Amino acid sequence: MLRISYCLIILIFLNSCSEQVAPVESRTIILGFDGMDPNLTEKWMAQGLLPNFSKLAKQGSYQRLGTSNPALSPVAWSSFATGTNPGEHGIFDFIRRDTKTYAPDFSITEIKPPKDTLNLFGFHIPLDEGEVINRRHGKPFWMEIEEKGQTASVLRVPVSFPPDPIHRMLSGMGVPDLLGTQGTYTLITSQFINGNDMGGRVQRIRANNGLVDTQLEGPQHPMKPDAGTLKLPLTIKKAKNESVTITLDDIKFRLKKNQWSSWVPLEFKFAGVMGVAGMVRFYLVESFPRISLYVSPINFNPIDPAMQISSPVEYSAELASRIGLYHTLGMPEETWSLNENRIPDSAYIQMVKHILAERVAMFFDTLDKTDSDLVIAVFVQTDRISHMFWRGIDDKHPLHIKTSKQAQNAILWIYQEADRILGKTLNKMLPNDKLLVLSDHGFSSFRRAVNLNRWLVDNGYLFLNENATESSMLFTDVDWSKSKAYALGMNGIFINRIGRESLGIVDKQEAIAIKNELLEKLSNIIDPRNSKPIITRTYDGKQVYKGLQTADAPDIVVGYAPSYRASWETVLGAVPKELIYDNNTKWSGDHAIDPSHVPGILFTSFKPKENIKSIQDFQLLLNISGQDQ
Ligand SMILES: [Zn+2]
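Adding 41 to a residue's 1-based position in the sequence shown gives its number in the working numbering.
In structure tokens, the structure reads:
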């Protein structure tokens, strides 16, 4: 008996010791800078503008790193995590299609509502929590490392929601906002606004003598589906010097014009005693009398998140207690609010600065702990600035001429921020630490948008309903009984197959013939503006993807030439009138083109023994084998 209790005491002691893990002797630190482009990096290194990247290249190594096909962040970071091609990990695009309805769907996570509910007094009370599924298949290497008895800290890697059960993890791309979307903003305005926003909602209000009395709309009532959305009272009152006083529920604060508020925590209450927590930031675009107040997507509050966003579950709150509240949404850089001109360039840059500061704080919070054998942090701000400000560095972009000095310098600014983060990391490295810095893909200009479904209609592969000359998104006016192929997502073309698509008409034999025809014809599409091909290469899905998850794979992957890209209409299944048009939007840079044009970067603090061709081979540098190399 005595021996057993003695062991028990030792066990309890060891357990409590595990809370304060002894520092590890050597770490592998992986820094990701999403979308960091080799052409710009090499140019600015040569000009001495990125001294820490130059130093690392000299001390260890630098090379270009092949990306995934297509060259999209969720696809490439999934190959990074699992060491496999999309045919194995199952992520082929941001968008996947529902073969029953042909409707686009988010390809990264699936949120399933609770299966069992109790219907009582008009409430639908969920009896289980529902389920969140990461659609990426395969085992990420941080799980393998932990299985070998080491510890891993993984911060904000894309496609990491829900979090894996490891030492420390904070989910990135995939985490929704409180509405369950990938980020829906609200613009409260007394100004007349034409059309519908793609990325948010516009709430028209009337201002009476410098006062607006309205509501902020939240999620659906979780227990009464017919009750509509939960709401919080919101008033906006005119104050001195073009500022306003905002009262949201019971929180009151002053906000100046052209200023972001700090985080405003909120709680939508329902069923008397229950509530769901969130938080928003406000930006005052215009004061009275033409009031325009921008409200960020409602982020989960990391102190009390509506879904688990970290491992262990309490880590998100502990982190907030050390660094303050931080953006929890998977893609928090509000690109659409800038693209639809709801906020100005300066507001967008201020927001990205704010997010970057949060990410820096959480990365060094972990790095300073020295309790993990593996530390990974991905900074996506390099990508988000490049998307929105490429117009500033490409003098052939249709918007270049209207671009301000600040916008012209934005990309260099974010690259120098990356260099500063790298410098600080180099200073904090222990003698035996290894450092690897990579990006998932490079960048190109997005000058011309291609309506690929228009080409498919004009060439007899896609058919519209009688009397229709165009179709809006979700293929509303498409006649599937005649259609043989359709484009959806950034780079995909799908054949309308019998037995696969619900209204499929093409059999196996014909599918091969159509695919071969398209592979050839697409490469010959010419831009009438300059008589040059808009597609440099087409890929046969069957040949580029191997594995068990090819059911979602496109039949053809379209490799656009630099400066071209699928139009937003194509991505979401619309058929507009023209084939190609000038991209006059601020979303002016992109990488959804032929992967050979947009490789990423790779720096190591040591001389690698292996030859690393692409991001899928990355794990060769870590001495763990991937799954299909
Ligand atoms: Zn991107």
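Where a beta carbon is used, it is the ideal one built from N, C-alpha and C, also for glycine. Computed from a predicted structure; not experimentally measured.
Alpha-carbon spacing of residue i relative to residue j, whole angstroms
i	j	result
R176	I149	5 Å
I332	S231	6 Å
I539	N494	20 Å
Y389	D593	34 Å
L453	Q447	10 Å
L334	R383	9 Å
V612	E375	19 Å
K587	R242	41 Å
I653	L379	37 Å
T645	H441	35 Å
S629	E188	43 Å
R138	H632	21 Å
I555	I566	16 Å
W521	N506	9 Å
G107	S119	14 Å
N532	L273	41 Å
S445	W431	12 Å
S564	S604	16 Å
A607	F121	25 Å
Q391	L467	27 Å
L275	L544	47 Å
F133	G240	22 Å
G319	I292	14 Å
S303	V598	43 Å
Which of helix, strand or coil DSSP assigns to residue i
i	result
T150	strand
N652	coil
E172	strand
G259	strand
E511	coil
E381	coil
M429	helix
P472	coil
R570	coil
R541	coil
R209	strand
V253	strand
S387	helix
For residue i: DSSP bridge partner residues
i	result
T645	S102, L477
L289	L275, I292
W301	Y324
Y527	F535
Q244	I229
S333	T230, E327
A490	R606, Y622
Y580	V598
P306	M320
D631	S485
S145	Just to set this straight, residue 145 is Pro in the shown sequence, not Ser. Paired residue(s): R138.
I21	A question about residue 21 goes unanswered here, because the residues of the chain that appear run from 42 up to 670.
S120	BP columns for S120 are empty, so no partner.
G107	S655
Residue i beta carbon near ligand 1 (any heavy atom closer than 7 Å)
i	result
G76	yes
D424	yes
H368	no
S114	yes
H632	yes
H130	no
H395	no
H262	no
H428	yes
Rounded Cβ spacing between residue i and residue j (contact assumed at less than 8 Å)
i	j	result
S67	L471	7 Å
P649	P79	Their Cβ separation, rounded to whole angstroms, is 17 Å, which puts P649 and P79 out of contact at 8 Å.
L497	A528	6 Å
V419	V198	5 Å
S194	T407	5 Å
D238	E327	Contact doesn't hold; Cβ gap of about 17 Å is too wide.
F535	P595	6 Å
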